Structures are given as structure tokens and as C-alpha cells.
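Quick mapping for you: the protein sequence lines, in order, are chains A and B. Going by my numbering, the first sequence opens with residue -15, and the numbers climb by one from there. Going by my numbering, the second sequence opens with residue -15, and the numbers climb by one from there. Ideal Cβ placement from N, Cα and C applies to all residues, glycine included. In this text, all values refer to a predicted model and were calculated from it rather than measured experimentally.
Number of protein chains: 2
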Amino acid sequence: MAKGKTPAVSTSLKEFLRTGHRHFLRSLSVDNVIFGFHENQLKVLLLHTTFGNQWGLPGGFVGIDEPLDKAAARVLRDRTGLNDLYLQQFHTFGQTERRDNKVLSKVLKDLNLNPGKDHWTLQRFVTVGYFALVEYAKVNPQPDDLSTTCTWHDLDNLPTLLMDHGDIINKALEELRIRLKYQPIGYNLLPREFPMKDLQSIYETVLGRKLDRANFNRKMVGYDILDKKKKLFTGGSHKAPYLYSFNKKKYFKALENGLGSDF
Amino acid sequence: MAKGKTPAVSTSLKEFLRTGHRHFLRSLSVDNVIFGFHENQLKVLLLHTTFGNQWGLPGGFVGIDEPLDKAAARVLRDRTGLNDLYLQQFHTFGQTERRDNKVLSKVLKDLNLNPGKDHWTLQRFVTVGYFALVEYAKVNPQPDDLSTTCTWHDLDNLPTLLMDHGDIINKALEELRIRLKYQPIGYNLLPREFPMKDLQSIYETVLGRKLDRANFNRKMVGYDILDKKKKLFTGGSHKAPYLYSFNKKKYFKALENGLGSDF
DNA sequence: ACAAAAGTGTTCTCGCTACACCCATGT
DNA sequence: ACATGGGTGTAGCGAGAACACTTTTGT
């Protein structure tokens, strides 16, 4: 993998900060908005920065010979431990005021690295935003070299965020809502088998409104991307619901071609 | 304008190539897909490169202190002579194989500039794609420093294009089609007053299929973004059509809020 | 009078919504 | 038996498609 090699973030933070400019593209980064679903809540994965006491999105730099999409996938893998997830580029953020250098300057000083304004990490960065949908239970959140913790946060109860990361999350959510009308969603958010109600919950949470049970059921079945399984026995005092699973083949076909009968 | 200044492309190509890395972000560029409409055809503005004998999209670099959107707007202004146009970011292209350096290397050699692999223009570039809709008749196409001509090309009859510029155009068109369902389109493509048929032609061309005259008329009127003007006298042997103009206030409100009754 | 193109009206269908009704299960 | 929640049926409404009919104008 001489040419397309993926530069791993150096295990030594200092080394990374000192020589990163030789391995990564300058002035370009990726940031991931990683959505998960748990207890009827849409969640986002956030990092708590070691220095600066702030929350931010998982992000990273792009290797000199690394495709952009691969860089985003690498960041996703490093933070969640998962591979092959739904990962979608949605917008590139290029305002000039988006960098806040106070914290990083301090870090560099503390580490006795050149804190001059020309250090590569202090230059202006344009960041490409990606969003991902992941299965909450499968994720093992891992902080990166600049963070102490990596945890889920309720979307409607976010802490104060670094720089423009709040804007990035909002834009990601907006894009997700639009795509909901064109694409199937859920494959990476739910376990292999699930009752229809869980899928409906996701749609309701993303869209921010209640949907009719009967109509949602019919609509989903109508999309022809689900396989109906045997019954589930919840133990609840009511009729046991069917279990469904996504038909992988049909699902990914629908992902490419869209759901509406537009063509 | 000390900080937010817009670095103009140097009038001297050589100077630009020699010192550009001090004024522009490295490894990042913008490319514009500029759509125009003429004689019932959708057109794209392309440049013919001085060296290499190929066609490509109008593009440019991003000033060190220049917002990304401003850079794209600057490129658009420089090539068309027009300001305040509909300009929309749609995707960022970050494959590693997207650069073709043979031509540029030759240029650098010819100009006696360092043709080493480390020259800033020879490094890998990630490019942010924007598309614009402009009024064909108003445009005065201007080639840039690396091109001899700047002209319109029929979308369905494009020449061979530089690098991945063909992909970029396809993606832009795809995005335009999607947006057609949500947003009003036409304000920057048509003169101030126009018959409904012209607007319909644009929709038909972008969508690639015929639309019913009666239904299109009703639908557009129903959007409530048009003002009906007095009659037009075509001189044709038929009933003269009404002229319409976009109601700027309502139009831009619809641009922000979308057209469907979704909310 | 007739052709050509614009304007207007009508019907049909499809999809979505709302809501009613029935079914399975545990207390 | 009854409460709870899942599954299915159906009437109504609105948007869009197809197409017929009328209007204006030049030859």
C-alpha cells in the first residue's frame, strides 16, 4: 500500500503535531456527524477535548494520498470501531472565521512546539462534513489523541460546541431529513431484526413529528425492501408484532435508485 | 480590505505560478458548472486550455483569507462579468486520481519555473463544485490566464473534458434536477419578462422530458411567485401569450422555504 | 375559413390521511 | 373481561396527468 496508504494518527500526539504537515493535506479536514438511535432519541457522538474543556465533532485530516471519502471512513472507524457504515458527504464549510486557535496555541506551547502562527494546525481549515448512521448498541466510542472522552449526546440537548460544529450538525440533520424522502434509512441504525414500530420511531424522531401507524406500515411494506420474519414474543400484554429485516439486495438497490417512482 | 481581501489572479501568469502558494490555500480549488439556456438548449460554459488542447470547467483557487463561497463567486464573476447570481455548492471531489499533471508540468518547464514534483500547482487538489444559473444573453465569456477561449457548449454534446470534469458536470445536473422539485428556478436564467412557454422549456430541458402545457401553467401560477404582465405581441399567427415576471420578494422567499407545502 | 398556439375546464387516478374495526396476549 | 398494542380495511381529499374545448391572431 505504497501509494494509497492511510496515514494513521500518530500514537504520539507531539510527533503528530510536529510532522503532520508532511503526511496530511494542509488546510483541509473532515468532520463526521455520527447519528445513533437509542431509547427513542436521536443521538450524536461527540468528543470532549482534553484542552479547552469543550465538545466537538469527531474529525481528522486527509492523508496526502488518501481519497477524501476514505479519510472520513477512517475517522468513523477509529471512533466507533465499526466498518462499512452508511457515510454520506453533505456539505463543505469554508468560512474564514471558523477556526478558534486559542486552545491549540496553548497546547503547542505546553508541548514546547513552535507556537508561531505558521504552524500547520493553526492555519485556516476548510472542512468537509459527512454524516453517518450507526447502530447505537454496536458502537464502542473511542476518544482521539486530543480528547478525553467520546460519548453520545441527545440531539435536542447538546452542550456548547467548538467553532461552527453546531452549524454542521444542523446542516447534517437538514440533509438527513431531505434524504429520508428519497432513500431507505435504517439499515445501519437497527439490529438485524426489528419490529416495525422501531423503524417508525426513527422516522418520527428524524422528522420531528408523529406518523400514522397503519399508513407507515403499508408504506414501508410497499417499498419492497423488507423481509417479514416470524413473530416476536415481547411478553407485553398485547398482540406480538412481526419482526422485519432489511433485504440487503433490495435495500441497496433502493439506496442507489431512490424510493419514489421517479426515474 | 486587509484581511478579507480577494487575491486577484495575477495578470502575469508566471508570477502567479511562482508565488501563488503564498496567496492561496494549498490543495484546495473550486470549480463552477455554469448553466445557461439558449435556443431550447441547456448550455455549460467551458474554457479551452492554452496548453494541452482540452476543455475544462472554469475554476480557481481559494485565497488564504477568502471564504469558500466568495472564491466561487469571484470565479463566476471573472468568467461571466456578472454578479449576484444563483450559485450553489453541491459536492466536493476528493479522489486521489483526479489530477493530470502532464500538461502543467510542461507549462512550468516552458516558463523556466521549478518543475519539481513539489511545486504547489502539481500537488494533489481537492475541489469544491458549485453550479450557477445565468442568463445566457447577458454573459460575456472571458477566458482566464490558462485558457484561450471561453464558450458555451450544449450539454448533450460535450467535448472531451479535463480530468474528472465530466463527472462534476453530471453530478451538478443531477443536483439541479433534485432541486427543481423544491426550489423555484428561472430567475437568473430568463430575461425580466418572459412567456410561460420559455420557463416550461427550461424545466423540460433540465428534466429531460416533455411536460403538459396546461398543467405546467397551473402549477407555476399556483406557486404564487409570478406576476402576470400585459400581453406580448409575437407577430406569430396565433393568440399572443401573456408575459410573466418573477416576483422577486416571493421568489426569494420560496427559495428559502421551498415550494412544496412541506414544513 | 383555417391553422397555430395560447388559455381554460373536466375527468380520472393515485397516494396520502384519518380513522374505524378486528386480532392476539397478559393480567 | 378488559386493557393494550399490533394488523388490516376504507372513505375522503388533493395533486397531478391526460385530454377536450375555447380563444385569439395572421394568412
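Of the residues B:G20, B:C134, B:F217 and B:T80, the one placed nearest G43 (chain B), counting alpha carbons only:
B:C134
Between the beta-carbon of V118 (chain A) and the beta-carbon of N172 (chain A), is there less than 8 Å?
yes
N-terminal and C-terminal residue of the alpha helix (DSSP H) that R163 (chain B) is part of
H149 to L164
Among A:L(-3), A:E50, A:E23 and A:H75, which one has its Cα closest to the Cα of D151 (chain A)?
A:H75
Could you check whether A55 (chain A) and V14 (chain A) sit closer than 8 Å to each other, using their CB atoms as the reference points?
yes
Sorted by chain position, which residues of the same chain lie with C-beta nearer than 7 Å to I106 (chain A)'s C-beta, five sequence neighbours on each side aside?
Per the sequence shown, residue 106 (chain A) should be read as Leu rather than Ile. The answer, listed in chain order, is N85, L88 and S89.
Where V87 (chain B) sits in the DSSP three-state scheme:
helix
If you measure from the beta carbon of V110 (chain B) to each beta carbon in chain A, is any gap under 8 Å?
yes
Check each candidate in A:D49, A:T64, A:T34 and A:T33 and name the one with the smallest Cα separation from V17 (chain A).
A:T64
If we call anything under 8 Å between Cβ atoms a contact, is D138 (chain A) one with Q38 (chain A)?
No. Outside cutoff.
Straight-line CA distance for F178 (chain A) to F236 (chain A)?
18 Å
Check whether the Cβ of D129 (chain B) lies closer than 8 Å to any Cβ atom in chain A.
no
Taking only beta-carbon atoms, is T80 (chain A) less than 8 Å away from chain B?
yes
Please list, in chain order, the chain B residues whose beta carbon lies closer than 9 Å to that of Q73 (chain A).
Taking a Cβ-Cβ cut-off of 9 Å, the neighbours of Q73 (chain A) in chain B comprise H75, T76 and G78, given in sequence order.
Applying the criterion that 16 or more other CB atoms from any shown protein chain within 10 Å of the CB defines a buried residue, is T3 (chain A) buried or exposed?
exposed
Please classify P175 (chain A): is it buried, with 16 or more other beta-carbons within 10 angstroms of its beta-carbon, or exposed?
exposed
Taking buried to mean at least 16 other C-beta atoms within 10 Å of its own C-beta, is V91 (chain A) buried or exposed?
buried
From E159 (chain B) to T218 (chain A), what does the alpha carbon distance come to, in whole angstroms?
44 Å
Tell me which residues of the region -3 to 15 of chain B have at least one Cβ-Cβ distance to chain A shorter than 8 Å, keeping chain order.
L9, R10, S11 and L12
8 Å Cβ cutoff, D49 (chain A) in contact with chain B
yes
By the criterion of Cβ-Cβ separation under 8 Å, what are the contact partners of L174 (chain B) in chain A?
Chain A residues near L174 (chain B): none, gap ~25 Å exceeds 8 Å.
Measuring straight from C-alpha to C-alpha, what distance separates Q167 (chain B) and L183 (chain B)?
14 Å
What does the alpha-carbon distance come out to for the pair N231 (chain A) and D140 (chain B)?
37 Å
Could you have a look at R61 (chain A) and say whether DSSP puts it in helix, strand or coil?
DSSP places R61 (chain A) in the helix class (H, G or I) of the three-state scheme.
Between which two residues does the beta strand (DSSP E) holding N241 (chain B) run?
No beta strand (DSSP E) contains N241 (chain B), which is instead part of the alpha helix (DSSP H) from K232 to N241.
Of the residues that make up the region 155 to 170 of chain B, which ones have a beta carbon closer than 7 Å to any beta carbon in chain A?
none
Compare the Cα-Cα distances from Y120 (chain A) to each of A:K27, A:K233, A:S131 and A:R197 and report the closest residue.
Cα-wise, what sits closest to Y120 (chain A) is A:K27.
Beta carbon of I186 (chain B), beta carbon of I162 (chain B): below 8 Å?
no
Under three-state DSSP, which class holds I48 (chain B)?
coil
According to DSSP, which residues form a beta bridge with I18 (chain A)?
A:A116
Buried/exposed call for V46 (chain A), threshold 16 Cβ in 10 Å:
buried
Run the CB neighbour count on T144 (chain B), radius 10 Å, all protein chains shown included, and call it buried at 16 or more, exposed below.
exposed
Determine the burial state of N241 (chain B): buried for a count of at least 16 other Cβ atoms within 10 Å of its Cβ, exposed for fewer.
exposed
Simplified DSSP assignment, three categories, for Y207 (chain A)
In this structure, DSSP gives Y207 (chain A) a helical state, which the three-state scheme calls helix.
Identify whether Y187 (chain A) lies in helix, strand or coil by the three-state DSSP scheme.
helix
Any beta carbon of chain B sitting closer than 8 Å to that of N241 (chain A)?
no
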